[in-house]
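Here the structure comes first, spelled out in C-alpha cells, and everything after it is commentary.
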Amino acid sequence: MPPQSPIKAPPGVPPAQFADAIRQWQGVVGADWVFTSTGDLDAYRDSYSPLYGEATERTASAVVAPDSVEQVQGVMRIAHALKIPMYPISTGKNLTYGGSAPAYSGSVILDLKRMNRILEVSERNAFALVEPGVSYFDLYRYIREHKLKLWIDCPDPGWGSLVGNSLDHGAGYTNAPFRDHFESRCGMEVVLADGELLRTGMGALPKSETWQQFRYGMGPMVDGLFSQSNFGVVTKMGFWLMPEPECALVLTAEAQRHDDGPAFLDALAELTYADLISAQLHVESPVMGFPMGPELAKLRSDRSERRVPALDDYARRNGLPCWTAPFALYGHEDVVRAKLAHIRARIGQIPGAHVREVACLKFPLNDEQLAAAPEKSRLGIPNLSYFASRFAPGAPLFEGHIDFSPIVPLDGKTLREAQDLFDHVCQDHGIAPLGGRVLLYHLRAACLIYAIPVGRDATANARAREGFARLMDVAAERGWGEYRIHPAFMDRGMGYYNFNDHALLKFHERLKDAVDPHGILSAGRYGIWPRHLRGQSS
Amino acid sequence: MLAVTAALLGAGPSGLRAAEPEISWTWEPVPAGGDPGKVEFARACAVCHGEGPDRPGTTSLQIKYGGKLPALLEQRTDLKPDLIRVYVRNGFAMMPRFRKTELSDAQVDAIARYLSRAR
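In order, the protein sequence lines correspond to chains W and C. According to my numbering, the first sequence is numbered sequentially starting from 1. According to my numbering, the second sequence is numbered sequentially starting from 1001.
Next up, the structure:
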C-alpha cells in the first residue's frame, strides 16, 4: 500500500474531532468507502477548475460514499453532531460548473454515485423514480433493455446525473417541458442537514400512488428550495418522461445573410411561443460555432464595417448559410408534417431562408439505425459527442472550459447585440471563446453559452477569470444574469440578483440558518454561506 | 396500453446490485462476457476512445498524433499498465479524472491489462 498522507481536517474543525467523524463514518458506510488519501482525494479535483493548481482551488478534505438513504442519514447525523462541512455530489460530472469539487475548500464530499438504483419506471404514466447516482446512460439503457415506449431527455454529455443536472437547472433537446430538467421533475426525497428525511408533493402522503404524477401535494411547494442551494441532500427524484413518438423529423432552418439574424431569431421565437416548435433549438453561425480555422477566427474578431460583407462572402464561397437552427419535431408523422408546413411558411417570409429536412426516423430504432442516427441528443440518446466538437485541425488542443451562460430576452435584435457585446469583451481580454450560440434550453428565454477555455496554465487562467468577470459585469449592466455558474463565480453571480438590497439572498440566508443551523451543507453554493462564514471571501 | 411498472428496489442500472461500480457510459450494446478488461473498456471508455464518429478521445488523439500513432487505444501496442492507471485517475487535457466510485481499482487494472496485452 502507498504511504498514507496525514489527514487534513476541514477549516475550523479540530483534528481529533475530524478523526472521530472519519471513524464513525467508516462504521456507517464501511472503511472502503471513506477516502482520505491524497491520491483518492485528487480524483475529486475539478479537472476544469479556473483555479487549477492555485492556493484558492477548491479541494476536499475527505470523501464519504454512502450506498443508501439510511447511510446518508447516518453520515449527516454524524456531520451535524460534529459540525463537519459536507458537499454532496451526484455523479460528479457537472464539468464547467464545478465537477466533483466542493464550493468551500476543505469540505467533505458526500459522493452519491453508488446510489444508482432505478427505483421505478412506469410506461403507462410515463415517469421514472431514480437515485442521484443514476446517469442518463443508465436510464436510457434500462428503458431500451426493457423495450419500454419511453424517451429520456439528456443534456449534451450523457454521463451526468438526472438528479444533479435537474437540481442545477440543466436542460436538453426534446419537447417542452421534458427538456427543462427541473420543470420535468415530479416528487423529491430529501435528507436534511441533521439527518431528518422528508418527501415533497404527494410523497408526503403515505400510500399515495401519485408521487410522480402530481407535483403540488398540499402546502407550499418546496422543491425549488433544493435546487441551486444547500438546504438538503436529494436522495430520490421523479421525472416525467416523453412517450416514444412514432416519428422524429430532424430539421435545420437556414438563413443566408448575416443581417438576417434578428428576423430569423424572431421567427423562431414566434414559432416556439405558438408551440409549433416544442423542441430545443439553437441558432448558430459558422463564426459562432466550435473551433475555427484562422480565416474564421479573423472574421469573428473583425470589428470593422467590412465584417458583415466578409461573412456573407465566406458563407457564399463555402456554400454555407450564415445562420442555422437545428431542431426536431416529434409525434405522428401526419401531425409533424402539418406543423412543418406552417414552420416553412413562416421561415420562408425571410428572403432565401428555408427549412431543410435532415432525417425522418421511425421508432423504435434497431441497433444499426441507432448507431447511424444523426444528432443523437435530439433523439434522447445519451452520448459524449459534445466533447468531440471541441477539437479542430489547426486549433489549439482544448483542455477545460467554464461556461458563461447568461439569460437574454428572446428578441432577435437584443440577442445580436448581446453576441457582439460578449465577443468584444472576449477579444479585449485575449480570450478565444467557443460558441456564442443562442440556445432555447429553457422555456421562454434564450441562453447564450460562451465556453471560456481554462487549463493548467495559471497565467492564462487568471486572464480567463478576469474576462469571465467582465462578461458578467457587462451582462448585468443590461439586466442579463447567468442561469448557472462555476463555484469560483457563485458569489459574484448571485451578487447581481440584488433587488432591494439583496433581499433574495438575505431570504436564502434566513432559510439556511433555520434548516441547517450549524451550516454544514455545501457552504457557499450559489452564494449562500452559513452564518459563521458569511462575509468572508470564498 | 399495457402497464409496465418495473419496481426494482435494491437493484442497480442493470437490475443487479454489483459489488463493483456499474458504469455503462454508452448507448451501444456491451459484450456480455469474455475479457473483463475488454468489457470494462466497452462500458467506460469506448464512448470516447472507440471507433466511430464523434468520439472525443479518438478525435483528439488523431489530431495530436497526426497519424504517427493509432488514434484508437485498442490498436496501440506501446501502452503500459501504469500509464493507463495514471491517465484514468489523473485525466489529461479535456479528459477528466475518474473516481473509485465510478471505476474501482480492479476495473482500472482490468482495462490496463487489456490495453497493454501482448499481441
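Even for Gly, the Cβ is constructed at its ideal location relative to N, Cα and C. All figures in this text were calculated on a predicted structure; none of them were measured in a lab.
*Are Val222 of chain W and Thr200 of chain W touching if we call contact CB-CB under 7 Å?*
The Cβ atoms of Val222 of chain W and Thr200 of chain W lie closer than 7 Å to each other.
*Interface residues of chain C around Trp159 of chain W at Cβ under 7 Å?*
Near Trp159 of chain W (Cβ distances below 7 Å), the residues of chain C are Trp1025.
*Just how far apart, CA to CA, sit Val1039 of chain C and Ala65 of chain W?*
Looking at the two C-alpha atoms, the distance is approximately 25 Å.
*Starting from His401 of chain W and walking both ways along the beta strand (DSSP E), at which residues does that stretch end?*
His401 of chain W -> beta strand (DSSP E) spans 400-404.
*How about Asp111 of chain W: is its C-beta nearer than 7 Å to some C-beta of chain C?*
Contacts with chain C at 7 Å (Cβ-Cβ) include Asp111 of chain W.
*asked:* Beta-carbon within less than 6 Å of Leu95 of chain W's beta-carbon, same chain only, minus the 5 sequence neighbours each way: which residues are those?
replied: Annotation for Leu95 of chain W: Tyr48 place their beta carbon closer than 6 Å to its own, counting only its chain and skipping 5 residues before and after.
*Buried or exposed: Tyr526 of chain W, going by 16 or more other Cβ atoms within 10 Å of its Cβ?*
Its Cβ being crowded by 16 or more others within 10 Å, Tyr526 of chain W is buried.
*Integer-rounded CB distance, given that Pro374 of chain W should sit under 8 Å from Val250 of chain W*: About 6 Å separates the two Cβ atoms, so the contact holds.
*asked:* With a threshold of 7 Å on Cβ separation, who are the neighbours of Asp1035 of chain C within its own chain once the five nearest residues in sequence on each side are excluded?
replied: Closer than 7 Å at the Cβ level, and outside the excluded window around Asp1035 of chain C, lie Tyr1114.
*Can you list, in chain order, the stretches of the beta strand (DSSP E) that have 3 or more residues and sit fully within the region 241-282 of chain W?*
Counting whole runs of 3 or more residues, the region 241-282 of chain W contains the beta strand (DSSP E) stretches 247-255.
*So is Leu225 of chain W in contact with chain C if we call contact Cβ pairs under 7 Å?*
Interface criterion not met: the Cβ of Leu225 of chain W is under 7 Å from no Cβ in chain C.
*Relative to the alpha-carbon of Leu434 of chain W, which residue among W:Pro14, W:Gly217, W:Arg390, W:Ala418 has its alpha-carbon at the smallest distance?*
Ranking the options by Cα distance to Leu434 of chain W, first place goes to W:Arg390.
_Output needed for Arg1085 of chain C: all residues of its chain with C-beta closer than 6 Å, excluding positions within five of it in sequence on either side, in chain order._
So the qualifying residues of the chain are Val1108, Ala1112.
*asked:* Once the 5 residues before and after Pro15 of chain W are set aside, which same chain residues still bring their CB inside 7 Å of it?
replied: Hits under 7 Å: Ala9.
_At a CB distance below 9 Å, what residues from the region 116-138 of chain W approach chain C? Give them in sequence order._
Flagged, chain order: Asn116, Arg117, Ile118, Leu119, Glu120, Val121, Ser122, Glu123, Arg124, Asn125, Gly133, Val134, Ser135, Phe137, Asp138.
_Coarse secondary structure for Tyr216 of chain W, derived from DSSP in three states_ = Residue state, collapsed to three classes: coil.
*Looking at the structure shown, is Gly12 of chain W part of a helix, part of a strand, or coil, going by DSSP?*
The answer is coil: DSSP assigns Gly12 of chain W none of H, G, I, E or B.
_Measuring straight from C-alpha to C-alpha, what distance separates Met1 of chain W and Asp1054 of chain C?_
For Met1 of chain W, the pLDDT reaches just 43, beneath the cut-off of 50, and the residue's location in the model is therefore unreliable, leaving the point undetermined.
*Closer than 7 Å to chain B by CB, Ile1111 of chain C*: Absent here is chain B; the protein component of the structure consists of chains W and C.
*Hey, Ile381 of chain W and His80 of chain W are a contact pair by Cβ (cut 8 Å); roughly how many whole angstroms apart?*
Actually they are not in contact, since the Cβ atoms of Ile381 of chain W and His80 of chain W sit about 42 Å apart, beyond 8 Å.
_Does the contact criterion of 3 or more C-beta pairs under 8 Å hold for the region 405-420 of chain W versus the region 454-468 of chain W?_
The region 405-420 of chain W vs the region 454-468 of chain W: no contact.
*Measure from the alpha carbon of Pro177 of chain W to the alpha carbon of each residue in W:Ala31, W:Ala279, W:Ile402, W:Leu340, then state which is nearest.*
The candidate whose alpha carbon is nearest that of Pro177 of chain W is W:Ala279.
*Determine the closest residue to Ser304 of chain W out of W:Asp420, W:Ala353, W:Ala460, with distance taken between C-alpha atoms.*
Cα-wise, what sits closest to Ser304 of chain W is W:Asp420.
*Counting Cβ pairs, one atom from each stretch, are 3 or more of them under 8 Å apart for the region 43-58 of chain W and the region 455-466 of chain W?*
With contact defined as three or more Cβ pairs closer than 8 Å, the region 43-58 of chain W and the region 455-466 of chain W are in contact.
*Own chain residues within Cβ distance below 6 Å of Ser105 of chain W, not counting five before or after*: Arg58, Thr59.
*Who does Arg185 of chain W pair with in a DSSP beta bridge?*
Bridge partners of Arg185 of chain W: W:Phe239.
*Could you give the residue range of the alpha helix (DSSP H) that holds His354 of chain W?*
Annotation for His354 of chain W: no alpha helix (DSSP H) segment contains it, though the beta strand (DSSP E) segment containing it runs 354-362.
_Considering just the uninterrupted stretch of the beta strand (DSSP E) at Ser122 of chain W, what are its terminal residues?_
Start and end: 118-122.
*How about Arg1099 of chain C: is its C-beta nearer than 7 Å to some C-beta of chain W?*
For Arg1099 of chain C, at least one C-beta of chain W is nearer than 7 Å to its own C-beta.
*What residues in the region 41-52 of chain W bring their beta carbon closer than 9 Å to a beta carbon of chain C?*
Those would be Asp42, Ala43, Tyr44, Arg45, Asp46, Ser47, Tyr48, in chain order.
*Can you find a C-beta in chain W that's less than 7 Å from the C-beta of Val1047 of chain C?*
For Val1047 of chain C, a Cβ of chain W is located within less than 7 Å of the residue's own Cβ.
*Is Arg456 of chain W close to chain C, meaning its C-beta is less than 7 Å from at least one C-beta of that chain?*
It does not; no Cβ of chain C falls within 7 Å.
*asked:* Strictly below 9 Å CB to CB, what residues from chain C border Ile381 of chain W?
replied: Near Ile381 of chain W (Cβ distances below 9 Å), the residues of chain C are Trp1027.
_The alpha helix (DSSP H) that contains Phe468 of chain W, what's its start and end?_
Unbroken alpha helix (DSSP H) run through Phe468 of chain W: 458-477.
_Mapping the DSSP letters down to three states, classify Gly1034 of chain C as helix, strand or coil._
Judged by DSSP in its simplified three-state form, Gly1034 of chain C adopts coil rather than helix or strand.
*Can a CB atom of chain W be found closer than 7 Å to the CB of Ser1104 of chain C?*
Proximity of Ser1104 of chain C to chain W, defined by a Cβ-Cβ separation below 7 Å, is not satisfied.
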